[in-house]
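First residue of the sequence shown? That's 419 in this note's numbering, and the numbers climb one at a time after it. A virtual CB, placed ideally from N, CA and C, is assigned to each residue, including glycine. Since the structure comes first, as structure tokens, the remarks are kept for the end.
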Amino acid sequence: MSTLRTVSFLAIKDLRRDKKIALLVIFLLGFSFINITFFSAFINGLGNTFQDEIINTATSHIIILPSENTNLKFIPGISTIRKKVELNPDVVATSVHVTVPITISFRNKQMSTQAIAMKPSDESAVTTVPTFIIDGSFLSDGNNNEIVLGKFISGQKIEDTIGQQTFGQLAAGLGVGVGEVVTVTYPNGVRKEYRLRGVLGSNGFSQVSQSAYITLDEADTVFGLSDQASNMLVKLVNRDRADAVKTFILSQGVKNVDVKTWAEASGFVSAIKSAFSIVISITSIMGVMIVVVTIGIVIFINTARKKRIIGVLKALGMSSNQVMMIYVMQSFILGLVGTVVGITMFTGLSYFLTANPVHLPIGSLTPTLSTDAVINAALLIVIASIVAGYIPARIASRQKILETIKIVE
Numbered sequence: 419m420s421t422l423r424t425v426s427f428l429a430i431k432d433l434r435r436d437k438k439i440a441l442l443v444i445f446l447l448g449f450s451f452i453n454i455t456f457f458s459a460f461i462n463g464l465g466n467t468f469q470d471e472i473i474n475t476a477t478s479h480i481i482i483l484p485s486e487n488t489n490l491k492f493i494p495g496i497s498t499i500r501k502k503v504e505l506n507p508d509v510v511a512t513s514v515h516v517t518v519p520i521t522i523s524f525r526n527k528q529m530s531t532q533a534i535a536m537k538p539s540d541e542s543a544v545t546t547v548p549t550f551i552i553d554g555s556f557l558s559d560g561n562n563n564e565i566v567l568g569k570f571i572s573g574q575k576i577e578d579t580i581g582q583q584t585f586g587q588l589a590a591g592l593g594v595g596v597g598e599v600v601t602v603t604y605p606n607g608v609r610k611e612y613r614l615r616g617v618l619g620s621n622g623f624s625q626v627s628q629s630a631y632i633t634l635d636e637a638d639t640v641f642g643l644s645d646q647a648s649n650m651l652v653k654l655v656n657r658d659r660a661d662a663v664k665t666f667i668l669s670q671g672v673k674n675v676d677v678k679t680w681a682e683a684s685g686f687v688s689a690i691k692s693a694f695s696i697v698i699s700i701t702s703i704m705g706v707m708i709v710v711v712t713i714g715i716v717i718f719i720n721t722a723r724k725k726r727i728i729g730v731l732k733a734l735g736m737s738s739n740q741v742m743m744i745y746v747m748q749s750f751i752l753g754l755v756g757t758v759v760g761i762t763m764f765t766g767l768s769y770f771l772t773a774n775p776v777h778l779p780i781g782s783l784t785p786t787l788s789t790d791a792v793i794n795a796a797l798l799i800v801i802a803s804i805v806a807g808y809i810p811a812r813i814a815s816r817q818k819i820l821e822t823i824k825i826v827e
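The structure is reproduced here in structure tokens:
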């Protein structure tokens, strides 16, 4: 204990003699910590934005589709399946969809898109689609003669987010406003007129801005459907329970369907996150290299300048290991304090960006990083600091007393 106390005392006293260098190293280590953690948090936040966008507007936590092993376009007996699914306590709500291609005409313009038919009250409980209204209002149960269009269909221009001069105008839409009447042609030849009730808009890659929405009752009437659906969305209390609920649904004996979790239905997001993880690994390696080089150079210069002091300490009876421990302790202190500074900066940035999310074309982004990841990054910085300081400290400790004392500092 006395040896550790002595080593710590000498290490701290030596650092105090070179306060400016110590502070510079501490802040370099702090920024190295930010380099490792903040970029990872940003990428995680980007992945979460993708996932939330898909879950909240397209797949929910579980989506049930007609089996790929059949030629069925619709799931038969959907009400029975729905009752079985809702028996699970993890299920919050379900929403049944009928999805069909349509052509919408207004005056001398027409566009083709997909119509999503659903029961509005159910949709509000499962997805966030109704909250994306930018003009008018969303459908209510019974609004069978009305339609809601995405902003790119109704008339808003799609322009390059970097600058219109790069790509220019890509689509102009129909130019229809709320309250006006459009004509919809269905694939079975039925043509009907609908009053535009509202316009939806989303900044992400979801289908919201490019789709049309009608009531489920209207779709059943047009296509003569009875207790059938293109898919059913299932919202859960916790999305991490998706695999367990999927197993439960399959155990209920439902037939001719494919049950997919949000992760399975949005596989491309996982592929994107996997690609990003490689970038994160490279960034982390670069951060560690910065730590190793910074600490290594500082300790090497420090020991080279203080050979005479090292010689005096050894003449006073300190062993080579004790001398080495002084400079290893310096590395540890620098790494520890630098990590604390880094954590403080990271916490401040995270708090600010949580209160002020970054608005991207795909949605709002809030950097997120688990506590375990922050702890691992902190340990990585500290361990890298100790390892970096060990080699120059060991070299210094092996110097002979006479050779060090005769050197003028």
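Item: C-beta atoms of Val-596 and Leu-614 nearer than 8 angstroms; Value: yes
Item: Unbroken stretches of the alpha helix (DSSP H), 4 residues or longer, contained in the segment 460-542; Value: 496-503
Item: Residue interval of the alpha helix (DSSP H) (run including Ile-665); Value: Note on residue identity: the sequence assigns Thr, not Ile, to residue 665. Unbroken alpha helix (DSSP H) run through Thr-665: 660-669.
Item: Bounding residues of the beta strand (DSSP E) (the contiguous stretch that carries Glu-611); Value: 609-618
Item: Limits of the beta strand (DSSP E) - the one that Thr-786 falls within; Value: Thr-786 -> no beta strand (DSSP E), and no H or E assigned at all.
Item: Reduced DSSP category for Tyr-631 - H, G, I as helix; E, B as strand; rest coil; Value: strand
Item: Rounded distance between the beta-carbons of His-479 and Leu-654, thought under 8 angstroms; Value: 4 angstroms
Item: Residue burial classification, Arg-423 (beta-carbon count within 10 angstroms, cutoff 16); Value: exposed
Item: Exposure label - Phe-451; buried when at least 16 CB within 10 Å; Value: buried
Item: Distance CB(Ile-522)-CB(Gln-528) smaller than 8 angstroms; Value: yes
Item: DSSP three-state assignment for Val-655, whether helix, strand or coil; Value: coil
Item: Which of helix, strand or coil DSSP assigns to Gln-748; Value: helix
Item: First through last residue of the alpha helix (DSSP H) which encompasses Lys-569; Value: 569-572
Item: For Gln-646, three-class secondary structure by DSSP; Value: strand
Item: Member of Ile-700, Thr-512, Ile-801 whose CA lies at the smallest distance from the CA of Val-652; Value: Thr-512
Item: The segment 559-571 / the segment 632-650 touching (three or more Cβ pairs under 8 angstroms); Value: yes
Item: Thr-757 and Ala-796 closer than 8 angstroms at C-beta; Value: yes
Item: Beta-carbon proximity list for Met-763, same chain, < 7 angstroms, skipping 5 on both sides; Value: Gly-448, Ile-452
Item: Secondary structure of Lys-431, DSSP reduced to three states; Value: helix
Item: Among Phe-570, Arg-435, Ile-804, the one whose alpha carbon lies nearest that of Thr-712; Value: Ile-804
Item: Identity of the residue in Asp-436, Ile-809, Tyr-745 nearest Ser-883 by Cα; Value: No statement about residue 883 is possible, as the shown extent of the chain runs from 419 to 827 and does not include it.
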